[in-house]
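Chains as they are written, first to last, in our numbering: chain A, 1097 to 1404; chain B, 78 to 192. Think of the CB as a built atom: it goes at the ideal place given N, C-alpha and C, for glycine as much as any other residue. As structure tokens, the structure follows; a few thoughts come after it.
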């Protein structure tokens, strides 16, 4: 990407303020092997519903109507394939057909295109459908040139969570072991849905503060059931939890590995020594105590447990 | 004052995970984070090695770490469908342990990705 991507598209994100070094260190400014002039060799397109600070860094800013991401992506897919597009539907997106055609033209002409999509796409109306649409668009553009799409990850090692769960269970998130083997079903086993329906009867929360971010019915359920929080700080969630355990801060006083959003694992180099144990140590100790209790499955099937 | 210098330190505040930060720290706090952005600076400079919080809380009261771990294990073992959630601001090593625990419990494991 750094060496080849000459068309960089940010969709539903504001990297200038949320990922301040994304432009300078990774995607826009660096001089690459095939982009010797750095920024001058790249075209940057920003797609968003409002003008953010990132607009200044963009060559082209496409302001779309809120909640129309899926429609824009689908129209782009149609134009890529040369299909008929209904002018009434284009009008609803807030863009003109010329703007959309120009974008598709640039996409096809690019030697290597990349679309970074933020929460403005993946967390608004349409959610999974939007992510799916942008990934499909990227996949289809590979009929013409090299194209990729990548989510702009917010939290430090959320990419690591995807990678570790994929490696150990075969699925990236929303996994249930209630039958003794991993099953993946977002909507059924995703946290907000589980909590809002009241399906879980205990929760272990680490590296997150759902008490500050989740919908109220989900928070209410966390307060009803025994919730255990591991966190370097006493958080909103800790206050409604039965148990809070203070842990060392990842990367500052806890060593280990973290994944960059492009799935490059990096070693953490802590500068401080924490008076608290690491999350890893606490989870392991909880596991040791649970291990000696009678197993809930009479017959433990062959599972990923053997990996560890 | 003697400062420890950590070169090529890794910032885990956002998904960029920049690994070219130079940290200057005394025994208690990081005093300088070179090359870090504004978000990274506040991330590094606002976390200290002080004992700012009790080791553990049980029902809101201060408790010993060992007791808290025992109570946590008891709750999780008794549950029919425990949930292990979060995993974003922890190391891969901790994530691996968490998945392993979820499997042992016959529970659900999930991250911020599902939000």
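Outcome for residue i when other beta-carbon atoms lying within 10 angstroms are tallied against a minimum of 16
i: residue 1225 of chain A; result: exposed
i: residue 153 of chain B; result: buried
i: residue 138 of chain B; result: exposed
i: residue 68 of chain B; result: The displayed coordinates of chain B run from 78 to 192. Any statement about residue 68 of chain B would go beyond what the structure contains.
i: residue 1122 of chain A; result: buried
i: residue 1180 of chain A; result: exposed
i: residue 89 of chain B; result: buried
i: residue 80 of chain B; result: exposed
i: residue 149 of chain B; result: buried
i: residue 1395 of chain A; result: Note that residue 1395 of chain A scores a pLDDT of 49, beneath 50, so its modelled location is shaky; the value from the coordinates is reported in the next line. Answer is exposed; the Cβ neighbour count stays below 16.
i: residue 1338 of chain A; result: buried
i: residue 1313 of chain A; result: exposed
Residue i, enclosing beta strand (DSSP E) - first and last residue
i: residue 1242 of chain A; result: 1242-1247
i: residue 1312 of chain A; result: Where residue 1312 of chain A is concerned, there is no enclosing beta strand (DSSP E), although the alpha helix (DSSP H) it sits in stretches over 1312-1320.
i: residue 84 of chain B; result: 81-86
i: residue 1203 of chain A; result: Where residue 1203 of chain A is concerned, there is no enclosing beta strand (DSSP E), although the alpha helix (DSSP H) it sits in stretches over 1193-1205.
i: residue 1131 of chain A; result: Careful: residue 1131 of chain A lies outside any beta strand (DSSP E) and carries neither H nor E.
i: residue 1259 of chain A; result: Taken as a continuous stretch (DSSP letters only), residue 1259 of chain A belongs to no beta strand (DSSP E), being part of the alpha helix (DSSP H) at 1254-1265.
i: residue 99 of chain B; result: 98-102
i: residue 1302 of chain A; result: 1298-1302
i: residue 1141 of chain A; result: 1139-1144
i: residue 1209 of chain A; result: 1208-1213
i: residue 108 of chain B; result: 107-111
i: residue 1106 of chain A; result: 1103-1107
Limits of the unbroken alpha helix (DSSP H) element including residue i
i: residue 1226 of chain A; result: 1224-1237
i: residue 1369 of chain A; result: No alpha helix (DSSP H) contains residue 1369 of chain A, which DSSP labels as neither H nor E.
i: residue 1289 of chain A; result: 1287-1293
i: residue 1174 of chain A; result: 1165-1176
i: residue 1309 of chain A; result: 1306-1309
i: residue 1379 of chain A; result: 1375-1387
i: residue 1186 of chain A; result: 1183-1189
i: residue 1113 of chain A; result: 1111-1114
Contact set between residue i and chain E, taken where Cβ atoms lie within less than 8 Å
i: residue 1273 of chain A; result: Protein chains A and B are contained in the structure displayed, whereas chain E is not.
Sequence-distant residues of the same chain with beta carbon closer than 6 Å to residue i, five excluded per side
i: residue 1317 of chain A; result: 1291, 1294
i: residue 82 of chain B; result: 101
i: residue 179 of chain B; result: 161, 186
i: residue 1165 of chain A; result: 1217, 1226
i: residue 1344 of chain A; result: 1350, 1370, 1372, 1374
Sequence-distant residues of the same chain with beta carbon closer than 8 Å to residue i, five excluded per side
i: residue 1099 of chain A; result: 1128, 1129, 1130, 1131
i: residue 1336 of chain A; result: 1307, 1315, 1318, 1319, 1323
Neighbourhood of residue i by C-beta distance below 7 Å, restricted to the same chain and skipping five residues each side
i: residue 96 of chain B; result: 85, 87
i: residue 1154 of chain A; result: 1140, 1141, 1142
Uninterrupted alpha helix (DSSP H) stretches inside the region 117-187 of chain B (no shorter than 4 residues): Listed in chain order, they are 142-155, 169-182.
Any C-beta of chain B within less than 9 Å: which residues of the region 1228-1245 of chain A qualify? The residues in question: there are none.
Could you run through the region 134-153 of chain B and flag, in chain order, every residue whose CB is less than 7 Å away from some CB of chain A? The region 134-153 of chain B vs chain A, Cβ under 7 Å: 134, 135, 136, 142, 145, 146, 147, 148, 149, 150, 152, 153.
At 4 residues or longer, what runs of the alpha helix (DSSP H) sit wholly inside the region 1325-1366 of chain A? Uninterrupted alpha helix (DSSP H) stretches at least 4 residues long and entirely within the region 1325-1366 of chain A occur at 1332-1336, given in chain order.
Against chain A: residues of the region 158-179 of chain B by CB proximity under 7 Å: Identification of residues in the region 158-179 of chain B having a C-beta nearer than 7 Å to some C-beta of chain A yields 158, 159, 160, 161, 162, 163, 164, 165, 166, 167, 168, 169, 170, 171, 172, 173, 174, 175, 176, 177, 178, 179, given in sequence order.
Contact set between the region 1099-1120 of chain A and chain B, restricted to residues whose Cβ is under 8 Å from the partner: Result list: 1114, 1115, 1116, 1117, 1118.
What are the residues of the region 1197-1230 of chain A that lie near chain B, defined by any Cβ-Cβ distance shorter than 8 Å? Those residues of the region 1197-1230 of chain A placed with their C-beta closer than 8 Å to a C-beta in chain B are 1219, ordered along the chain.
Quick one, which residues of the region 1123-1148 of chain A are near chain B if we go by CB-CB under 7 Å, in chain order? Of all residues in the region 1123-1148 of chain A, none has a Cβ within less than 7 Å of some Cβ in chain B.
Short of 7 Å Cβ to Cβ, which residues in the region 1276-1297 of chain A face chain B? Residues of the region 1276-1297 of chain A with a C-beta less than 7 Å from any C-beta of chain B: 1276, 1282, 1285, 1286, 1287, 1288, 1290, 1295, 1296, 1297, listed in chain order.
Report the residues of the region 1306-1317 of chain A with a CB closer than 9 Å to any CB of chain B, ordered along the chain. Those would be 1306, 1309, 1310, in chain order.
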